[in-house]
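Scroll down for the structure; my scribbles are underneath it.
Protein chains: 2
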Amino acid sequence: MPTSDEQPKSKSKPTNRNADPVSLKDLALHLGLSPTTLSLVLNDSPQASSIPAETKKRIFDGARELNYRPNYLARSLRVQKTNTIGVIVPELSDGYSAMVLNGVESALSTAEYFYLTASHLHRDDLLERLPRVLIERQVDGIIAVDTPIRFTPTIPIVNVSGHEEIEGVTNVVLNHQHAAELGIGHLYNLGHRRIAAIKGQDFSSDTLVRWQTMSEAANKRGISLDPALTVQLQGDTPSPEVGYTAMKSLLASGERFTAVLAFNDVSAIGAIRALEEMGLRVPADVSVLGFDDIYAAAFHNPALTTIRQPLFEMGNLAARTLLERLANRGENSVAKTVGVEPTIIVRQSTSRVSQS
Amino acid sequence: MPTSDEQPKSKSKPTNRNADPVSLKDLALHLGLSPTTLSLVLNDSPQASSIPAETKKRIFDGARELNYRPNYLARSLRVQKTNTIGVIVPELSDGYSAMVLNGVESALSTAEYFYLTASHLHRDDLLERLPRVLIERQVDGIIAVDTPIRFTPTIPIVNVSGHEEIEGVTNVVLNHQHAAELGIGHLYNLGHRRIAAIKGQDFSSDTLVRWQTMSEAANKRGISLDPALTVQLQGDTPSPEVGYTAMKSLLASGERFTAVLAFNDVSAIGAIRALEEMGLRVPADVSVLGFDDIYAAAFHNPALTTIRQPLFEMGNLAARTLLERLANRGENSVAKTVGVEPTIIVRQSTSRVSQS
DNA sequence: AATATCTACTAAATCGTTTTACTAAATCGT
DNA sequence: ACGATTTAGTAAAACGATTTAGTAGATATT
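Residue numbers (the numbering used here), protein chains in the order written: chain W, 54 to 409; chain S, 54 to 409.
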């Protein structure tokens with residue numbers, strides 16, 4: 054229906070266009086009450102207890118009638134709290150970040166929080182600048198995903214896959230020892246002894262710890278991750294291309310191996326392509342183990358055996374942890390770390406080593 | 054170094070903790086000037102022309118020294134503009150949305166805009182509520198991605214893959230006729246005549262137009278998309294699972310076909326799995342044509358032939374269009390539609406029809 | 001009948017900026 | 001030497017809420 058809202062008695066502006074927002078003052082004027090009273094009633098403040106039900110009804114009805122919408126900016130400014138957090142990720146479309154974000158959003162939305170996303174693209178200037186501008190925009194806290202913390206926290210920070218201990222920062226981390234045991238254990242039990250590895254890029258938070266825990270798990274079994282069988286991902290596109298290139302260069306070295314430990318599923322998929330182009334079948338000739346368990350993993354050909362990181366959970370946990378810290382603002386006991394557990398998902402890209 | 058910032062002369066609070074934000078008033082007091090002057094100088098307002106360079110320097114130096122950070126909330130409230138937009142998507146981790154978002158962010162960040170993301174998960178209540186709360190939070194505009202507009206716009210809206218004409222909404226759309234010509238043309242030229250189709254879910258904006266344009270392109274060539282060879286995706290998980298299930302049910306019908314037109318790459322991947330489980334080789338026995346060209350498409354086995362939708366571009370264009378509309382607030386000539394072109398990427402999942 | 005408490009409100013301060021409208025002193029033009 | 005302009009600022013009013021501190025009248029208490 055056509056807007057039949059305000060009568061010509063509207064004060065200054067002659068033509069009441071389609072929709073000009075009505076403020077608390079407007080509504081108060083309309084009702085012949087003060088903004089104070091409306092605020093108390095609308096926010097169900099304890100001080101509104103003395104206001105009779107009839108007046109309350111008038112206020113609620115009036116708010117509905119004039120379609121009153123509180124201005125969140127004004128409220129936030131007054132109460133010094135925006136119910137908004139900042140989320141810093143390396144890049145949006147890399148699968149990893151998107152899954153984590155999904156978990157973050159799910160936890161935040163039930164708490165009526167919103168979030169501002171910003172990608173640092175591994176650029177130093179952005180790593181330095183983004184936290185600052187997010188804080189200028191008065192976010193209540195920050196969730197960083199696979200992102201180094203290069204600033205001194207002035208608001209609560211939760212870092213997903215952060216490994217540095219920093220005052221004011223809670224890290225959400227995977228149990229990497231366990232992940233390594235699962236991965237190396239799986240390959241070892243299938244008879245693999247010469248295991249190649251694709252390390253992550255230096256900028257990834259998990260690169261170092263992944264490598265160390267995998268090495269230890271291998272050593273424990275009397276084998277080792279041979280540097281000659283190790284390559285590192287180069288470049289920062291979130292495409293299997295980087296895994297493909299890495300595997301190509303490893304294959305060019307002529308070294309022999311029966312299994313590959315990929316840094317993640319995306320690089321595993323690239324590596325498989327490179328192996329097949331070389332005439333090597335996966336898993337008949339070479340087993341490939343992924344990491345993460347992204348959506349594509351289950352439907353790749355061959356379906357990827359992979360170590361599942363509960364990315365949604367990690368984002369969810371990060372958000373819940375942050376919200377909790379925000380709720381208990383006074384307390385200064387900040388958890389350094391909260392952990393999640395990996396699982397191994399065995400599919401078709403790994404198999405018993407062939408006798409040769 | 055340890056914070057050697059404020060002297061004991063600080064007014065009320067005795068201990069200057071690690072970091073309490075300094076306001077414009079604080080800084081003005083510190084410099085013995087008025088907030089007005091600082092504001093004029095710091096914002097390089099034309100009225101600051103009369104302020105001598107020396108005073109300006111004092112102000113800039115003071116701001117740096119006390120680490121003054123303007124409160125964006127207060128500024129936004131005053132200037133009635135937040136430099137923030139709202140983005141509504143179906144779900145974050147569906148690949149499609151993430152790519153579009155990537156493009157959006159890229160355009161926004163160069164303009165110093167931020168954005169609040171919200172997922173509607175195809176839920177009616179959220180479709181109704183999210184735009185409202187985003188507007189309460191004073192976003193300057195909204196970008197909707199593959200999302201029906203269920204409200205009367207009071208601020209500029211750009212809808213990616215929107216097909217309804219709504220006052221105040223600009224649609225960013227793919228040239229679907231062209232896409233259909235490319236897709237059907239490709240399969241037709243390879244000799245395919247019995248083409249199965251996987252329709253999108255009803256909630257996807259493109260489902261109907263995709264179907265219509267593909268049908269027309271087929272009819273034009275004297276063939277038709279047989280309803281008996283058509284299945285529709287069911288469910289809203291962004292996994293190949295839904296394509297797998299759809300293809301399974303088509304195969305169960307016993308109908309014969311030589312090619313499949315999938316609604317998108319994700320469902321194409323699921324369909325391929327179903328075909329292979331049935332002993333049908335792709336592309337030797339059945340060709341499969343995807344849509345979108347997501348990252349995984351090039352590295353799937355077989356690599357997907359697909360119709361590329363420039364998702365990043367679409368997001369980027371959407372954001373640029375919105376920013377332009379925000380800049381020319383007065384003008385009321387709102388473009389109804391801006392378009393982008395598809396391209397076909399021929400890879401390994403389609404081939405000439407086998408003679409049988 | 002005087003005091004205390006409760007009821008139903010409101011005025012004004014506040015959050016931290018920007019912006020409009022001044023002002024006092026110095027300089028300029030004639 | 002007088003008015004006009006320029007210089008170098010400032011006071012106060014926005015923006016739109018929330019919150020503190022009242023207040024005037026009605027009712028209850030002693």
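Each residue gets a CB set at the ideal place from its N, CA and C atoms; glycine is no exception. Source: prediction; values computed, not measured.
Quiz item: In or out: S:L376 buried (at least 16 other Cβ within 10 Å) or exposed?
Solution: For the purposes of this step, residue 376 of chain S is taken as residue 323 along the second sequence, with counting starting at 1. With 16 or more other Cβ atoms within 10 Å, it is buried.
Practice problem: Can you pull the chain W residues whose beta carbon is under 8 Å from the beta carbon of S:H173, in chain order? | Solution: Reading the second sequence from its first residue, position 120 is the one you call residue 173 of chain S. Result: empty, since nearest Cβ-Cβ is about 10 Å, beyond 8 Å.
Quiz prompt | Beta-carbon neighbours of W:Y168, restricted to chain S and to distances below 8 Å | solution = Along the first sequence, one-based indexing puts residue 168 of chain W at 115. Near W:Y168 (Cβ distances below 8 Å), the residues of chain S are L169, T170.
Quiz prompt | Separation of W:D73 from S:L38, as counted between CA atoms | solution = Chain S is shown from 54 up to 409; residue 38 of chain S falls before or after that span and cannot be answered.
Quiz item: Between S:T396 and S:L328, what straight-line distance do the alpha-carbon atoms span, to the nearest angstrom?
Solution: Here residue 396 of chain S refers to the residue found at position 343 of the second sequence. Here residue 328 of chain S refers to the residue found at position 275 of the second sequence. The alpha-carbon atoms of S:T396 and S:L328 are separated by roughly 26 Å.
Practice problem: Measuring alpha carbon to alpha carbon, tell me which of W:A356, W:S98, W:L145, W:G368 ends up nearest S:G368. | Solution: One-based indexing of the second sequence puts residue 368 of chain S at position 315. Among W:A356, W:S98, W:L145, W:G368, the Cα nearest to that of S:G368 belongs to W:L145.
Exercise. Quick one: list the residues of chain S neighbouring W:P293, beta-carbon separation under 8 Å, in chain order.
Key: Within the first sequence, residue 293 of chain W is the residue found at index 240, counting from 1. Y348, A349, A351, F352, listed in chain order.
Quiz item: Measuring CA to CA, which of S:E294, S:V284, S:Y297, S:I248 is closest to S:R274?
Solution: On the second sequence, position 221 is the one that residue 274 of chain S refers to. It is S:I248.
Quiz item: Using a Cβ-Cβ distance under 8 Å, would S:Q362 count as near chain W?
Solution: In the second sequence, the residue the question calls residue 362 of chain S occupies position 309. Not one chain W Cβ lies under 8 Å of S:Q362.
Quiz item: At what residues does the beta strand (DSSP E) containing S:A197 begin and finish?
Solution: Here residue 197 of chain S is taken as the residue at index 144 of the second sequence, counted from 1. Here the beta strand (DSSP E) through S:A197 covers 194 to 198.
Self-check item: Exposure of W:Q60, with buried meaning 16 or more beta-carbon neighbours within 10 Å
Solution: The residue labelled residue 60 of chain W in the question sits at position 7 within the first sequence. Reliability fails at W:Q60, whose pLDDT of 38 lies under 50, so the model's placement of it is uncertain and the value that follows must be treated cautiously. Exposed: under 16 other Cβ atoms inside 10 Å.
Practice problem: Using three-state DSSP, classify S:Q285 as helix, strand or coil. | Solution: Within the second sequence, residue 285 of chain S is the residue found at index 232, counting from 1. Strand.
Quiz prompt | Residue nearest to S:L342 in terms of C-alpha spacing, selected from S:S103, S:G296, S:R185, S:S76 | solution = Numbered from its first residue, the second sequence carries residue 342 of chain S at position 289. Looking at the Cα atoms, S:G296 is the closest of the given residues.
Quiz item: Between the C-alpha atoms of W:V393 and W:Q362, what's the straight-line distance to the nearest angstrom?
Solution: Your numbering for residue 393 of chain W matches position 340 in the first sequence. Your numbering for residue 362 of chain W matches position 309 in the first sequence. About 8 Å.
Quiz item: Going by Cα to Cα distance, which pick from W:L379, W:S257, W:D345, W:D199 is closest to W:A232?
Solution: Counting from 1 along the first sequence, the entry for residue 232 of chain W is found at position 179. When each option's Cα is compared against that of W:A232, the closest is W:D345.
Self-check item: Residues of the stretch 124 to 147 of chain S whose Cβ lies closer than 8 Å to any Cβ of chain W, in chain order
Solution: N124, Y125, L126, A127, S129, L130, T135, T137, E144, L145, S146
Self-check item: Spatially closest choice to W:I208 from W:V406, W:G383, W:R405, W:S407, by CA coordinates
Solution: To locate residue 208 of chain W, count along the first sequence from 1; it is residue 155. When only C-alpha atoms are compared, the closest one is W:G383.
Quiz prompt | Contact list for S:N212 against chain W, beta-carbon separation under 7 Å | solution = Residue 212 of chain S sits at position 159 when you count from the first residue of the second sequence. Contact annotation for S:N212 against chain W: no contact, minimum CB-CB distance about 19 Å [criterion: below 7 Å].
Quiz item: Taking the beta strand (DSSP E) that W:I210 falls in, what are its first and last residues?
Solution: Along the first sequence, read from residue 1 onward, the residue named residue 210 of chain W stands at position 157. DSSP places W:I210 inside the beta strand (DSSP E), whose first and last residues are 210 to 213.
Quiz item: Taking Cβ positions, are S:L169 and S:V192 nearer each other than 8 Å?
Solution: Locating residue 169 of chain S in the second sequence gives position 116, where the first residue counts as 1. Locating residue 192 of chain S in the second sequence gives position 139, where the first residue counts as 1. Yes, the pair counts as a contact, with Cβ atoms nearer than the cut-off.
Self-check item: Whole-angstrom distance between S:R378 and W:S76, CA atom to CA atom
Solution: Position 23 of the first sequence holds residue 76 of chain W. Position 325 of the second sequence holds residue 378 of chain S. Rounded to whole angstroms, W:S76 to S:R378 spans 25 Å at the Cα level.
Self-check item: Proximity of S:H353 and W:N354 at Cβ, strictly below 8 Å
Solution: Within the second sequence, the letter at position 300 stands for residue 353 of chain S. Within the first sequence, the letter at position 301 stands for residue 354 of chain W. Yes.
Self-check item: Secondary structure of S:D345, DSSP reduced to three states
Solution: As a working note, residue 345 of chain S is residue 292 in the second sequence. If DSSP states are grouped into helix, strand and coil, S:D345 belongs with the strands.
Quiz item: Under 8 Å, do W:L278 and W:A271 count as touching if we go by C-beta distance?
Solution: Taking the first residue of the first sequence as position 1, residue 278 of chain W is located at position 225. Taking the first residue of the first sequence as position 1, residue 271 of chain W is located at position 218. Closer than 8 Å, so yes.
Practice problem: Starting from W:M152, find everything on chain S with Cβ-Cβ shorter than 9 Å and list it in chain order. | Solution: As a first step, residue 152 of chain W must be located in the first sequence, where it is residue number 99. Within 9 Å Cβ-Cβ: L145, S146.
Quiz item: Using a beta-carbon distance below 8 Å, is S:R334 in contact with chain W?
Solution: The residue you call residue 334 of chain S lines up with position 281 of the second sequence. No, because no Cβ of chain W sits closer than 8 Å to the Cβ of S:R334.
Exercise. Measure the beta-carbon distance from S:S302 to S:V284 and round it to whole angstroms, keeping in mind my assumption that it falls under 8 Å.
Key: As a working mapping, residue 302 of chain S is identified with position 249 in the second sequence. As a working mapping, residue 284 of chain S is identified with position 231 in the second sequence. The pair is a contact, with the Cβ atoms about 6 Å apart (cut-off 8 Å).
Quiz item: Where does S:G368 sit, in a helix, a strand or coil, going by DSSP?
Solution: Looking up residue 368 of chain S in the second sequence gives position 315. Looking at S:G368 - three-state DSSP - the assignment turns out to be helix.
Self-check item: Nearest residue (CA-CA) to S:R246, options S:V406, S:G85, S:K78
Solution: Mapped onto the second sequence, residue 246 of chain S falls at position 193. Closest by alpha carbon: S:V406.
Quiz item: Should S:S402 be counted as a contact of the ligand ZN given a C-beta to heavy atom distance under 7 Å?
Solution: The ligand ZN is absent from the structure shown, which contains no ligand whatsoever.
Exercise. Using 10 angstroms around the beta-carbon of W:R263, count the other beta-carbons present and answer buried if the total reaches 16, otherwise exposed.
Key: Locating residue 263 of chain W in the first sequence gives position 210, where the first residue counts as 1. With 16 or more Cβ atoms within 10 Å of its Cβ, W:R263 is classed as buried.
Exercise. Measure the C-alpha to C-alpha separation of W:I276 and W:T403 and round it to an integer number of angstroms.
Key: Taking the first residue of the first sequence as 1, we reach residue 276 of chain W at position 223. Taking the first residue of the first sequence as 1, we reach residue 403 of chain W at position 350. Between W:I276 and W:T403, the C-alpha separation is close to 19 Å.
Quiz item: Helix, strand or coil: how does DSSP classify W:A315 here?
Solution: By 1-based counting over the first sequence, the position of residue 315 of chain W is 262. Note: W:A315 maps to coil in three-state DSSP.
Quiz item: Does the beta carbon of S:Q401 sit closer than 8 Å to a beta carbon anywhere in chain W?
Solution: Against the second sequence, residue 401 of chain S aligns to sequence position 348. S:Q401 does not count as touching chain W.
Quiz item: How should W:S172 be labelled, buried or exposed, when 16 other C-beta atoms within 10 angstroms of its C-beta is the threshold for buried?
Solution: By 1-based counting over the first sequence, the position of residue 172 of chain W is 119. Buried, since its Cβ has 16 or more Cβ neighbours within 10 Å.
Quiz prompt | Other residues of its chain near S:E218: CB distance less than 7 Å, five sequence neighbours each side excluded | solution = For the purposes of this step, residue 218 of chain S is taken as residue 165 along the second sequence, with counting starting at 1. These residues qualify, in order along the chain: K389.
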